[in-house]
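Structure first, commentary second.
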Amino acid sequence: MPFCPSCGAKLKDGAKFCMSCGEELNLTPEHEPRVSEKKNEGMALMDWTALFLFVGALVNFVPIVFITSGIASAYQNPADTTSTDTNACATGLINMSVTCGIVWVLFSFLQMGAAYFTYTGKYWGIAAIGSLLGFLNSIMLLVMGAMISGTLPGCWWISIAGFVFSLLGMIGVLSLKKEFEGKEPARKAETGVREEGKIVGASEERTPPSEKSEKVGEKEQKKEEPPVEKKAPMFVNLNEERISPKLSNREQARYLPLIDKFEIEREMRCPECGYEHTARLLYSKDVEFADGTCPRCKNVYKVALRAKDDSKKVMNNRTTEQTNVRTCPHCSAKIEGCPKFCSECGRRFD
Numbered sequence: 001m002p003f004c005p006s007c008g009a010k011l012k013d014g015a016k017f018c019m020s021c022g023e024e025l026n027l028t029p030e031h032e033p034r035v036s037e038k039k040n041e042g043m044a045l046m047d048w049t050a051l052f053l054f055v056g057a058l059v060n061f062v063p064i065v066f067i068t069s070g071i072a073s074a075y076q077n078p079a080d081t082t083s084t085d086t087n088a089c090a091t092g093l094i095n096m097s098v099t100c101g102i103v104w105v106l107f108s109f110l111q112m113g114a115a116y117f118t119y120t121g122k123y124w125g126i127a128a129i130g131s132l133l134g135f136l137n138s139i140m141l142l143v144m145g146a147m148i149s150g151t152l153p154g155c156w157w158i159s160i161a162g163f164v165f166s167l168l169g170m171i172g173v174l175s176l177k178k179e180f181e182g183k184e185p186a187r188k189a190e191t192g193v194r195e196e197g198k199i200v201g202a203s204e205e206r207t208p209p210s211e212k213s214e215k216v217g218e219k220e221q222k223k224e225e226p227p228v229e230k231k232a233p234m235f236v237n238l239n240e241e242r243i244s245p246k247l248s249n250r251e252q253a254r255y256l257p258l259i260d261k262f263e264i265e266r267e268m269r270c271p272e273c274g275y276e277h278t279a280r281l282l283y284s285k286d287v288e289f290a291d292g293t294c295p296r297c298k299n300v301y302k303v304a305l306r307a308k309d310d311s312k313k314v315m316n317n318r319t320t321e322q323t324n325v326r327t328c329p330h331c332s333a334k335i336e337g338c339p340k341f342c343s344e345c346g347r348r349f350d
């Protein structure tokens, strides 16, 4: 089931507007989310980081071959166990640099896959390890370049270039961690396009999201105010034998069956047009439902006076059976439940 991109409410199948906030929806017939054309900033950062790591790995890995051949020609065979301390140090650096370079290239490919073929930022640790190996590899190349200075002077510039790319990759990794820490980012498909302004076919303008946040504080302040006490229903005996006290809805279900005939005043809302009014309902001992009439649309509706079983519980002075379907006064669409907005035309119920 799709959800509203504005308020997160569940959407009815085939709905054109959100019934909770009135947001206009642009969904495909299969309700498949449509990917936004604008790339997510976090994913763009992952792409650049993957590019820097990959280029840095190649730049630092290529000169290993030339440095190995240069040291082998300048000194004796690195495989000779009787080599001097200088040759042993150079041989160890070569072996470590080759291993580090190969592993770093593999991590760079993993980072490329994490950036292009996955939609989360959970793999920033792979990029962090790859960048760390890139730093070690760059330092080793610089040390070896200093040891064979004059033999291959071009390796200095290649190593410095690799070090710069490694530094850019590490900066990208740190930015990735800050961007994706504690949340699910990245290339998430959007369920619709949010458009500011007036909804087509609506009778009022929709409040922009920037103003919604300002109204939240006002609503919270209003909630702190003490609630106004509602008037209890008044019961008048038609036979004028006695006047019953003011009772709550729960007490009505207990005491009304003991009374033969009463006229009850209740605050009701018309299920057809939604108009709130005071209805005078005739209560009888043998009747479960009373007829109420809306003064605006003259609609006659049923009101449950008491609930005998769980299938006919009273909810807001109406049964659940009467509140399941609601008719929009603007487009005459049948809407289930009691939403604030019509799912077909997007207009607010009066």
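Take 1 as the starting number for the sequence shown in this note's numbering and just add one per residue.
Note that the Cβ used here is the ideal one computed from N, Cα and C, for glycine as well.
Sheet register partners of residue i (DSSP bridge)
| i | result |
| --- | --- |
| Arg280 | Glu265 |
| Ile335 | Arg326 |
| Lys302 | Asp291 |
| Glu24 | Phe17 |
| Arg348 | Phe341 |
C-beta contact flag for residue i and residue j at 8 Å
| i | j | result |
| --- | --- | --- |
| Val303 | Met268 | yes |
| Cys273 | Cys294 | yes |
| Cys338 | His330 | no |
| Cys4 | Glu24 | no |
| Arg266 | Ala279 | yes |
| Cys18 | Leu11 | yes |
| Arg347 | Lys340 | no |
| Lys16 | Glu344 | yes |
Terminal residues of the beta strand (DSSP E) in which residue i lies
| i | result |
| --- | --- |
| Ala15 | No beta strand (DSSP E) holds Ala15; DSSP gives it neither H nor E. |
Spatially closest choice to residue i from the options, by CA coordinates
| i | options | result |
| --- | --- | --- |
| Leu168 | Leu51, Glu276 and Leu282 | Leu51 |
| Leu282 | Lys12, Glu276 and Ala290 | Ala290 |
| Pro271 | Gly292, Met19 and Ser20 | Gly292 |
| Trp48 | Ile335, Cys345 and Ile171 | Ile171 |
| Ala333 | Glu263, Leu136 and Gly14 | Gly14 |
| Tyr371 | Ile264, Val164, Lys298 and Val325 | Any question about residue 371 goes unanswered here, given that the chain covers just 1 to 350. |
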